[in-house]
Amino acid sequence: MLKWIYKKNTLMILVLLVSLLIAAPAAAADATLPEVRTLLEEQYVDPVPSEVLTAPSIQETLQKLGDPYTVYMTAEEYQNFIQSIDMSVTGIGVYIKIAPEGIRISSIIRNSPAEEVGLQAGDIITKADGQSLAGLSQEKAVGLIKGPEGTAVWLSVLRNGTNFNLEVPRRVVEIPNVEGKIVHENIGYMAIHTFGEKTPAEFDQAVKELKNKGAKAWIVDLRDNPGGYLTTALSLAGYFIGDQTALQTKDSKGIYQAYLGQKQEITLSEPTIFLTNENSASASEILTSVVKDYDKATILGNKTYGKGSVQTLFPLSDGSVLKMTVAKFFSPYRHEINGVGVSPDIPIVNSDSEKAAELLLASTLDSSVNANEEDRVQVFADNKSWKIPLKQAQTPDYWQAYAEMMGNVGSAYTHEELEKGWPLYYPDYQELNGLQDVPLDKKFTVTFSGPINWETVTAQSLELIEKESGERVPLEFKPLSDDKLQVIPGDLLKSGKTYWMVVHRTIQDQKGESIRENALAVIKTAASDTPVQIQASRSQKPPQSELLKMSDYGQAIMDIGLVKGNQ
């Protein structure tokens, strides 16, 4: 339940929130201006200049104050605000951020009107019912998009440089505060969307259900969580620190006040990773700073929003409400949050931090994928040692997250190996001479020094991999002789890209013996505007010292670059 505080006959609730898609504040009634002035003078977090207190209207007063989190709301707008915290809103169902052209969609609520009409994260809404949103405040822009249930709004949308219009219906959008599932066999994943009234109960239910399903480690996803109630943050903190100090606030007089976590029936002591990004704010930052200060979890992702202030809701005499900043909050150890944010232990900005978390946690669990010590890569981060299952990292789903993570953790890899990239995925492979400016319709020839059992050459034993994405290029294999193979990409290669041709030791000769070493060649395609000179010459073979060895045949060579097109 919410914790209500009575002070000077005014009903208040501590709120920590950045923004959901809520209604815009309307013009204030002059009758409540004296009340607003008194509240600002007596309870605002910082001293208020006289020019603010003498402004002729509430609108001008708050404009001069310059605090985006101190907002006047009508009674109706207040109800919309409370509904937004508890994830029940009437609208189109998107999270947003201000952009120069209008408002940018940061994420889409599942099963919402926005999802149904095909809106996407990254889209910029430039107009609503023909009115430009450029230059408007977030509240005013939202007010133009929201409307009564059963109506619709025409939106002008900018996506990747292309403008289009579409009609989006408005309706009540309800989503759970917490969503839980099991990932990668025994990792409990919990996405917390907001710190609402029902969040503690939903979190508790998710924890118990996932434990019953075998969860032995945890991912807590706070990405794009704008915050909510302070009491909810304290409740969730109790799952990690019990009733120890969860945060400290400092009021206008410089006095600190400690808030304790709420001890829970269950304590999450298993390996835990928190996911954050630049939209994780307020109550999200409280919970993140708790587990970081007490070393209860490793933080992956981007630095949080940096909204370290507490707002209280003050009902006014005409039924309207002033949401006003009354304090600044700090981590349990008094680390600054406001304007600073909480930094991750391992930055993951350009790829999916959830996949990076799964890789790290898989190393802490008993699983067949990491049972072989030789198939794991040891890294160091957050004063911990992790052993990442390499076979999992080599798959396209985890490829990019693994690459970014390896650039931000400690490991035994040299700077040169990190720059090359391929040793991260294929350590101990022998590098063969590669190719530059390869045409996009290239066919390749691989030549061995003795007869090969071509049945052992498969999509798993010989791969062509795009470096950035880990995407495997479909290949056709055409034996040219008992020791020479033509490798034909099923799709045109992409211009200006780097590929790795990887030959695994699962290839066997005609006596059933495997080649002695794994090998890899780096192939770079030509840029689309670069003319390419093709030379089909056997002189392009690597020197003998770099040749791949094969059992009973001395040396086998990977002869790349002899065939182009139908040549």
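Throughout, my numbering is defined as the position within the sequence shown, counted from one, plus 65.
Heads up, the beta-carbon is just placed ideally off N, CA and C, and yes, glycines get one too.
As the structure is a prediction and not an experimental result, all values here were calculated from the model.
Roughly how many angstroms lie between the CA atoms of Leu-613 and Pro-165, to the nearest whole one? In this prediction, Leu-613 has a pLDDT of 37, which is less than 50 and means its spatial position is unreliable; what the coordinates show is noted afterwards. Between Leu-613 and Pro-165, the alpha-carbon positions lie close to 56 Å from each other.
Taking the beta strand (DSSP E) that Tyr-294 falls in, what are its first and last residues? From DSSP, the beta strand (DSSP E) with Tyr-294 extends over 292 to 294.
In the structure shown, what three-state DSSP assignment does Ala-392 receive? Strand.
With a cut-off of 8 Å on the beta carbons, I'd call Glu-262 and Pro-241 a contact; round off their distance for me. Not quite, the Cβ-Cβ distance comes to about 13 Å (not below 8 Å), so this is no contact.
Top-ranked residue by Cα proximity to Thr-155, from Gln-501, Ser-122, Ala-193 and Ser-177: If we check each option's Cα against that of Thr-155, Ser-177 comes out closest.
Would Ile-572 and Ser-514 qualify as a contact pair, given that the criterion is a beta-carbon distance under 7 Å? Contact check for Ile-572 against Ser-514 fails: the beta carbons are separated by 7 Å or more.
On the premise that Arg-441 lies in contact with Pro-461, defined as a C-beta separation below 8 Å, what is that separation, rounded to the nearest angstrom? Pro-461 to Arg-441, Cβ: 20 Å. No contact.
My parser needs the alpha helix (DSSP H) runs of 4 or more residues fully inside the segment 104 to 185; what are they? DSSP runs (the alpha helix (DSSP H)) wholly in the segment 104 to 185: 115 to 118, 123 to 130, 140 to 150 and 178 to 182.
With a threshold of 6 Å, establish whether the CB of Gln-501 neighbours any heavy atom of the ligand ATP. With respect to the ligand ATP, the structure shown offers nothing to examine, as it has no ligands at all.
Suppose only complete runs of 3+ residues qualify. What are the beta strand (DSSP E) ranges in the segment 443 to 478, listed by chain order? The qualifying runs are 449 to 454.
Cα-Cα, which of Arg-169, Gln-322 and Lys-368 is closest to Phe-395? Nearest of Arg-169, Gln-322 and Lys-368 to Phe-395, Cα basis: Gln-322.
Between Leu-425 and the rest of its own chain, which residues show a CB-CB distance below 6 Å, the 5 nearest in sequence each way excluded? Closer than 6 Å at Cβ, skipping near neighbours: Trp-451.
Report back the beta-carbon spacing between Pro-397 and Val-355 to the nearest angstrom; my notes put them in contact at under 8 Å. So it is a contact: roughly 6 Å between Cβ atoms.
Alpha carbon to alpha carbon, what distance is there between Pro-114 and Leu-304? According to the sequence displayed, residue 304 carries Tyr and not Leu. Taking the Cα positions, Tyr-304 is about 42 Å away from Pro-114.
Label Asp-358 either buried or exposed according to how many other C-beta atoms from any shown protein chain fall within 10 Å of its C-beta, with 16 as the threshold for buried. Asp-358 comes out buried.
Please work out which residues of its chain come closer than 6 Å, Cβ to Cβ, to Ala-102, disregarding the five sequence neighbours upstream and downstream, and give them in chain order. In the sequence under discussion, the amino acid at residue 102 is Arg, which differs from the Ala named in the question. Counting only Cβ-Cβ distances below 6 Å, and skipping sequence neighbours, we find Leu-118.
Just checking, does the segment 478 to 493 make contact with the segment 544 to 556 on the three C-beta pairs under 8 Å criterion? Short answer: they don't touch.
When we look at the beta-carbon of Ala-59 and count the other beta-carbons within 10 Å, is it buried (16 or more) or exposed? Outside the shown range of the chain, which is 66 to 632, sits residue 59, and nothing can be said about it.
Per DSSP, Asn-583 forms a beta bridge with which residues? Paired residue(s): none; Asn-583 is not in a bridge.
By a C-beta neighbour count over all protein chains shown, 10 Å radius and 16 as the cutoff for buried, is Asp-493 buried or exposed? Classification of Asp-493: exposed, given that the 10 Å Cβ count is below 16.
Pull up the DSSP beta-bridge partners for Glu-232, would you. In the DSSP output, where bridge partners are listed per residue, Glu-232 has Trp-219.
Using the Cα positions of Asn-448 and Ile-411, report the straight-line distance between them to the nearest angstrom. Inter-residue distance for Asn-448 and Ile-411 is about 11 Å (C-alpha atoms, whole angstroms).
Mind listing, in chain order, the continuous alpha helix (DSSP H) runs of no fewer than 4 residues lying wholly within the segment 323 to 398? Segments of the alpha helix (DSSP H) lying fully in the segment 323 to 398: 348 to 358.
Closest by C-alpha distance to Arg-224, when choosing among Thr-510, Gly-187, Leu-231 and Glu-335: Residue Gly-187 is the option with its Cα nearest to Arg-224.
Judging by CA-CA distance, which residue of Lys-273, Thr-353, Val-375 and Leu-378 is the nearest neighbour of Gly-366? The candidate whose alpha carbon is nearest that of Gly-366 is Thr-353.
Going by beta-carbon coordinates alone, are Leu-540 and Leu-505 separated by less than 7 Å? No.
Taking Cβ positions, are Tyr-324 and Leu-299 nearer each other than 7 Å? In contact: Tyr-324 and Leu-299 (Cβ atoms closer than 7 Å).
Quick test of your reading: Asp-360 and Lys-328, contact by CB under 8 Å. State the CB separation rounded to the nearest angstrom. Rounded, the Cβ-Cβ distance is 19 Å, inconsistent with contact.
Which residues does DSSP list as the beta-bridge partners of Ile-402? Paired residues: none, contrary to the question.
Taking its Cβ as the centre, do 16 or more other Cβ atoms sit within 10 Å of Ala-584, making it buried, or is it exposed? By the Cβ-count criterion, Ala-584 is buried, with 16 or more other Cβ atoms from all chains shown falling within 10 Å of its own Cβ.
Identify whether Ile-87 lies in helix, strand or coil by the three-state DSSP scheme. Per-residue confidence for Ile-87 stands at a pLDDT of 33, beneath the threshold of 50, marking its modelled position as unreliable; no derived number is given.
Please work out which residues of its chain come closer than 6 Å, Cβ to Cβ, to Lys-420, disregarding the five sequence neighbours upstream and downstream, and give them in chain order. Same-chain partners within the cutoff: Tyr-463 and Ala-466.
With 16 as the cutoff for other CB atoms within 10 Å, does Val-238 come out buried or exposed? Sixteen is the threshold: when 16 or more other Cβ atoms of the shown chains lie within 10 Å of the Cβ of Val-238, as they do, the residue is buried.
Tell me whether Ser-526 sits in a helix, a strand or coil according to DSSP, three-state version. Three-state result, Ser-526: coil.
With a floor of 3 residues, list each beta strand (DSSP E) that falls wholly inside the segment 242 to 295, ordered by position along the chain. The segment 242 to 295 contains these whole beta strand (DSSP E) runs: 243 to 248, 252 to 257, 282 to 286 and 292 to 294.
Run the CB neighbour count on Val-375, radius 10 Å, all protein chains shown included, and call it buried at 16 or more, exposed below. Taking all protein chains shown into account, Val-375 has 16 or more neighbouring C-beta atoms within 10 Å of its C-beta and is therefore buried.
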